[in-house]
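Novice: For what it's worth, my numbering labels the leading residue of the sequence shown as 1259, then goes sequentially.
Each residue gets a CB set at the ideal place from its N, CA and C atoms; glycine is no exception.
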Amino acid sequence: METAAETAAIIVAAGRGTRAGGGYPKQWRDVAARPVARWTLEAFAPLCPIVLVIHPEDRAIAESVAEGLPVTLVEGAADRAGSVRAGLDALAGNPPAKVLIHDVARPCVSRATIEAVLAALDTAPGAAPALTVTDALWTGAEAQVTGTQDRTGLYRAQTPQGFRYAEIRAAHAAHPGGAADDVEVARAAGLSVIIVPGEERNLKITGPEDFQRAASYLTNPMQETTMDIRLGNGYDVHRFGPGDHVVLCGVKVPHPRGLQGHSDADVGMHAVTDALYGALAEGDIGRHFPPSDPQWKGAASEIFLRHAVELASSKGYTISNVDVTLVCEQPKIGPHAEAMMAEMGRIMGLATDRVSVKATTSERLGFTGREEGIAAIATATLVKP
C-alpha cells in the first residue's frame, strides 16, 4: 500500500484451525465452493485495503486465494495478539485513521455491520458488534448443572472490531498479553468501546457443523423468498410546557418552550422506538417502560431506543433503515437534521444514509399548527435472512 487510506482492515488468518476438521486450516477450506478466506476478503475489499496476516507455511495458498484483491500478506505470530501487532506494524508506514480487525473465520459478515462499526468510530475510539445473551446461563461440572449465571448486561462478542489506528497500536504495544480480543486490549489502555448491533449470520466457523450454516447464509438460492422483512410504524405526540429547549432525535434544540413527558419527551426517538417494537409485534414503549414506574421519570430516550435495537438483534433481525417525520411549526428542524441523523445512527449502529429525519408543518391546522406540541411519525424496516 503506497498511500494511506482513511480505513484499512486487518484479517487475522495465521491460526491452524484444526477443530473444524478437513486436515488443514479452516480458512483455506471451501464453503459454498470457495475458500472461507476468499469470502471474508471480498466482504472488506470494496471498502478498504486489507492486510492478511498468515502463517509462514501458508503464503502460497494465501497468494492464490487473495489474487485480484487489494491485499498485502504479512506473516503472523504464535498467538492472535502477536499477529494483530504484526498487521498493525505493517500499516505504520502509511497509517490509516481507522482500522478494522476481523477474524478470517467469520466469512458471513455483512456490509451493514462493517459500516456500522466504521460509523461508530466517528464519535468513539473503539467499536465492535455484539449480540445480547438471551439464553439462560448455567455453571456446571461433571455433566451436571451446578448453578445459574445472571445474563443481564452480557453480550456475545463479534468482529470486526474497529479502532482509531494510532490508539489501538499504542494499546497493543503496552499490553502484557493474554487478551481474549482487541476490545480487551483497548479497554486495558483506557479506550472506550461502543457496542453496535451484531448479526446471527456473522458466525465464527469453529466446528465442522458451522460450514453448513455458513454456506446457507452465503449462497441460499431461496433467499429472496425466505427472507423475513418486517415493517413497523410509530406515532407519538408531546405537548409544549415550560423550558428553554427541546430534545428531538437525541439533539438538544434551543426553543422558548420544552416538551412535557414522563421521560425526556423526545418525540422523534419515541416514534422510531415504537416503529421498531411494532415491526417485532412487541407493543410500544409503554409495555417495556411503563410510565407508572418512577425509575423512568426524566430518563433519556436513548435507553428505550437501544432496548428496541437490542431486542431486534436478539431475534435475528437487522435494521435496514428508519424514517421519521417531525410535525411542527417551530422549531425549525432543517438546521439540525444532519446532527439528528448522526445521533440516531450512532445509537442504532446504522450508517447515516440509512437514517432519515425530516420535518413538515400542518399548515397551521390542529394542535401542531397552533404550536401546542410536536408530533412524529416513523417507519422502520427489519430484515432477517
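CA-CA distance, Asp-1542 and Ala-1529?
Specialist: So the alpha carbons of these two residues sit roughly 9 angstroms apart.
Novice: What span of residues does the alpha helix (DSSP H) with Ser-1521 cover, start to end?
Specialist: First-last for Ser-1521: undefined, no H or E at that position.
Novice: Let's test the definition: count the other Cβ atoms within 10 Å of the Cβ of Lys-1555 and tell me whether it reaches 16, buried, or not, exposed.
Specialist: Looking at its Cβ environment, which holds fewer than 16 other Cβ atoms inside 10 Å, Lys-1555 is exposed.
Novice: Span of the beta strand (DSSP E) holding Ala-1415?
Specialist: Its beta strand (DSSP E) spans residues 1413-1415.
Novice: In angstroms, rounded to a whole number, what distance separates the CA positions of Val-1323 and Lys-1573?
Specialist: Going by the C-alpha atoms only, they are around 34 angstroms apart.
Novice: If you check the beta carbons only, do Leu-1310 and Ala-1320 fall under 8 angstroms apart?
Specialist: Yes, the Cβ-Cβ distance between Leu-1310 and Ala-1320 is below 8 angstroms.
Novice: Are Leu-1506 and Leu-1584 touching if we call contact CB-CB under 8 angstroms?
Specialist: A contact, by the Cβ cut-off of 8 angstroms.
Novice: Is it buried or exposed, Asp-1288, if we count other Cβ atoms within 10 angstroms and call 16 or more buried?
Specialist: Exposed.
Novice: Any contact between the stretch 1494-1512 and the stretch 1459-1471? By contact I mean 3 or more CB pairs, one from each, below 8 angstroms.
Specialist: No: the two stretches stay apart, fewer than three of their Cβ pairs being nearer than 8 angstroms.
Novice: Run the CB neighbour count on Pro-1657, radius 10 Å, all protein chains shown included, and call it buried at 16 or more, exposed below.
Specialist: No statement about residue 1657 is possible, as the shown extent of the chain runs from 1259 to 1643 and does not include it.
Novice: Measure the C-alpha to C-alpha separation of His-1647 and Ile-1605 and round it to an integer number of angstroms.
Specialist: What is shown of the chain runs 1259 to 1643, which leaves residue 1647 out entirely.
Novice: Starting from the C-beta of Glu-1425, find all residues in its chain whose C-beta is less than 7 angstroms away, skip the five residues before and the five after it, and write them out in chain order.
Specialist: Pro-1383 and Leu-1449.
Novice: Evaluate contact between the stretch 1577-1593 and the stretch 1546-1553, counting only Cβ atoms and requiring at least three cross-stretch pairs below 8 angstroms.
Specialist: The stretch 1577-1593, when compared against the stretch 1546-1553, does not touch it at the 8 angstroms Cβ threshold.
Novice: I want to check one thing, is the minimum distance from the CB of Glu-1315 to the heavy atoms of the ligand PLP below 7 angstroms?
Specialist: This structure does not include the ligand PLP; it has no bound ligands of any sort.
Novice: If Pro-1683 sits next to Pro-1455, beta carbons under 8 angstroms apart, how far is it from one beta carbon to the other, in whole angstroms?
Specialist: Residue coverage of the chain in this structure runs from 1259 to 1643, which leaves residue 1683 outside it and unanswerable.
Novice: Going by alpha carbons, who is nearest to Val-1613 out of Ala-1570, Pro-1514 and Asp-1581?
Specialist: Per the Cα distances, Asp-1581.
Novice: Just to confirm before moving on: does the CB-CB distance between Ala-1533 and Ala-1638 stay below 8 angstroms?
Specialist: Contact: yes.
Novice: For Leu-1346, count the other beta carbons within 10 Å of its own beta carbon; 16 or more makes it buried, fewer makes it exposed. Which is it?
Specialist: Buried: at least 16 other Cβ atoms inside 10 Å.
Novice: Would you be able to state if there are at least three C-beta pairs under 8 angstroms between the stretch 1553-1571 and the stretch 1616-1634?
Specialist: Taking 8 angstroms as the limit for Cβ pairs, the verdict is that the stretch 1553-1571 does not touch the stretch 1616-1634.
Novice: Hey, how far is the Cα of Ala-1570 from the Cα of Glu-1315?
Specialist: Each residue's alpha carbon lies about 43 angstroms from the other.
Novice: Go to Val-1294, then tell me how far its alpha helix (DSSP H) extends in each direction, as first and last residue.
Specialist: First-last of the alpha helix (DSSP H) with Val-1294: 1294-1302.
Novice: Can you tell which of His-1565, Thr-1265 and Leu-1389 has the C-alpha that lies nearest to the C-alpha of Glu-1373?
Specialist: Checking every option, the nearest Cα to that of Glu-1373 belongs to Thr-1265.
Novice: In whole angstroms, give me the CA-to-CA distance for Arg-1292 and Ile-1463.
Specialist: Distance between the alpha carbons of Arg-1292 and Ile-1463: 14 angstroms.
Novice: Identify every residue that forms a DSSP beta bridge with Ile-1312.
Specialist: According to DSSP, which records beta bridges pairwise, Ile-1312 is partnered with Ala-1271 and Glu-1333.
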